[in-house]
Amino acid sequence: MEEVAIVTGAGGGLGSVIARELANDGFQVVLVDRDGDAADAAAESVSGSPVVIPADLTDVSDVRQLVDAVAQRFGRLDVVVNGAGIERVHPLETMPEPDWDATMDVNVKGPMLLCRAAVPLWRAQGSGSVVNISSRAWLGGSSNTAYSSSKAALVGLTRSMAVELGPLGVRANAVAPSFVQTPFNRQRTDITDLNEMIERYTAFTPLRRLIDPIDVANAVVFLASDRARNITGEVLHVCAGAQLPPIP
Ligand SMILES: NC(=O)c1ccc[n+]([C@@H]2O[C@H](COP(=O)([O-])OP(=O)(O)OC[C@H]3O[C@@H](n4cnc5c(N)ncnc54)[C@H](O)[C@@H]3O)[C@@H](O)[C@H]2O)c1
Numbered sequence: 213m214e215e216v217a218i219v220t221g222a223g224g225g226l227g228s229v230i231a232r233e234l235a236n237d238g239f240q241v242v243l244v245d246r247d248g249d250a251a252d253a254a255a256e257s258v259s260g261s262p263v264v265i266p267a268d269l270t271d272v273s274d275v276r277q278l279v280d281a282v283a284q285r286f287g288r289l290d291v292v293v294n295g296a297g298i299e300r301v302h303p304l305e306t307m308p309e310p311d312w313d314a315t316m317d318v319n320v321k322g323p324m325l326l327c328r329a330a331v332p333l334w335r336a337q338g339s340g341s342v343v344n345i346s347s348r349a350w351l352g353g354s355s356n357t358a359y360s361s362s363k364a365a366l367v368g369l370t371r372s373m374a375v376e377l378g379p380l381g382v383r384a385n386a387v388a389p390s391f392v393q394t395p396f397n398r399q400r401t402d403i404t405d406l407n408e409m410i411e412r413y414t415a416f417t418p419l420r421r422l423i424d425p426i427d428v429a430n431a432v433v434f435l436a437s438d439r440a441r442n443i444t445g446e447v448l449h450v451c452a453g454a455q456l457p458p459i460p
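Spelled out as structure tokens, the structure:
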């Protein structure tokens with residue numbers, strides 16, 4: 213029987229490539245995004261019979277309906293990739309609480325809600341795999357306290373789930389990419405010159421190159437698959453080495 217993978221944020225720059233590559237690896241893919249049109253567009257590049265389910269992952273009833281729909285249609289859920297994410301850049305001193313809360317809701321609470329809803333399915337099938345898309349920023353960053361805190365919390369969630377759900381046969385890992393050119397970075401109001409930022413990132417990255425969405429997707433597909441059956445609770449940095457030096 214075909215294994216089923218949910219990809220959240222599947223309408224985005226990374227989620228769309230992750231969905232495509234999971235399908236290429238043989239998964240039945242369910243593309244989830246609050247932007248249904250973007251998810252529909254992404255589904256066009258996904259092989260097999262991709263299913264699109266628009267949902268706001270911060271909404272408990274949306275998440276419940278999503279998992280119920282997958283359970284009804286496929287009777288199983290093998291992989292959850294939590295890729296939906298937002299970033300709100302502010303210095304701590306002027307951090308607006310609504311932006312802090314929104315960041316935590318999407319980046320941490322959303323993955324928790326989805327995994328919580330999936331536990332009964334995982335218990336019944338005795339297996340499951342979660343890949344959370346964290347970020348290099350979990351190690352710390354400037355003027356993105358909310359984002360880096362949320363991505364560090366996501367690592368905490370990953371490690372705790374690995375311990376708690378391991379006895380059910382469920383693995384949980386995180387992928388932490390550094391800067392990737394996607395629509396995501398348009399949210400950063402502090403970036404006036406994207407080319408300048410690209411040059412700056414490239415200069416301090418040991419391999420002197422930026423990450424491509426396929427690099428992230430390759431790591432996700434590996435961790436999601438049975439090839440990583442004895443890997444759990446890990447953070448895989450997809451950073452070309454940029455996780456090692458401090459951001460200048
Ligand atoms: N692009 C980068 O530089 C970079 C680097 C490291 C980590 N990341 C992380 O990778 C993930 C994907 O990033 P991306 O570059 O593809 O971003 P993106 O902005 O291209 O895509 C994110 C997608 O998430 C969806 N989304 C946001 N909030 C949602 C919600 N509440 N419910 C459902 N969908 C929601 C958006 O509609 C969008 O389609 C994010 O978690 C991001 O934090 C990105």
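For reference, each letter of the sequence shown is one residue, going 213 to 460 in this note's numbering. Positions of the beta carbon are idealized from the N, C-alpha and C atoms, including for glycine.
### Query
Do ASN397 and ligand 1 come close, with the Cβ less than 7 Å from some heavy atom?
Yes, since a heavy atom of ligand 1 falls inside the 7 Å radius drawn around the Cβ of ASN397.
#### Entry: Euclidean distance between Cα positions of PHE286 and LEU448
In this model, PHE286 and LEU448 are separated by some 30 Å (Cα to Cα).
### Task
Kindly indicate which three-state DSSP category GLY340 falls into: helix, strand or coil?
Looking at GLY340 - three-state DSSP - the assignment turns out to be strand.
### Query
SER347: beta carbon under 7 Å from a heavy atom of ligand 1?
Checking every heavy atom of ligand 1 against the Cβ of SER347, one is found closer than 7 Å.
### As assigned by DSSP and simplified to three states, the class of ILE265
In the three-state scheme derived from DSSP, where H, G and I count as helix and E and B as strand, ILE265 is classed as strand.
### Query
What's the call for GLN240, buried or exposed, on a 16-neighbour Cβ count within 10 Å?
Under this definition GLN240 is a buried residue.
### Message
What does the alpha-carbon distance come out to for the pair ILE410 and PHE416?
### Response
ILE410 and PHE416: Cα-Cα distance of roughly 10 Å.
### Query
Between the Cα of GLY352 and the Cα atoms of VAL320, SER390, VAL331, which residue gives the shortest distance?
Checked all of VAL320, SER390, VAL331; the closest Cα to GLY352 is SER390.
### Range covered by the beta strand (DSSP E) that runs through LEU289
Taken as a continuous stretch (DSSP letters only), LEU289 belongs to no beta strand (DSSP E), as it is neither H nor E.
### Query
Any chance the segment 372-385 sits against the segment 334-352, with 3 or more Cβ pairs inside 8 Å?
Yes: the two stretches touch, three or more of their Cβ pairs being nearer than 8 Å.
### Query
Can you find at least 3 beta carbon pairs, one from the segment 419-429 and one from the segment 220-232, that sit closer than 8 Å?
Counting Cβ pairs under 8 Å, three or more are found: they touch.
### Unbroken beta strand (DSSP E) run spanning LEU351, endpoints
Premise fails: LEU351 is in no beta strand (DSSP E) and is neither H nor E.
### Message
For the beta strand (DSSP E) containing ARG383, name the first residue and the last one.
### Response
Where ARG383 is concerned, the enclosing beta strand (DSSP E) stretches over 382-389.
### Message
I need the boundaries of the alpha helix (DSSP H) containing ALA436, first residue and last residue.
### Response
425-436 is the span of the alpha helix (DSSP H), which, as asked, contains ALA436.
### Query
For ALA217, which residues does DSSP report across the bridge?
Under DSSP, the beta-bridge partners assigned to ALA217 are VAL241, VAL291.
### Message
Excluding the 5 residues flanking VAL219 on each side, which residues of the same chain have their C-beta closer than 8 Å to its C-beta?
### Response
Result list for VAL219: GLY227, ILE230, ALA231, LEU234, VAL241, VAL242, LEU243, VAL244, VAL293, GLY295, in chain order.
### Task
Report the option in PRO303, THR444, LEU333, GLY297 whose CA atom is closest to the CA atom of LYS321.
Closest by alpha carbon: GLY297.
### Message
Please return the same chain residues whose Cβ sits closer than 6 Å to the Cβ of ARG288, not counting the five positions on each side in sequence.
### Response
For ARG288, the CB contacts under 6 Å within the same chain, skipping 5 residues up- and downstream, are VAL216, GLN337 in chain order.
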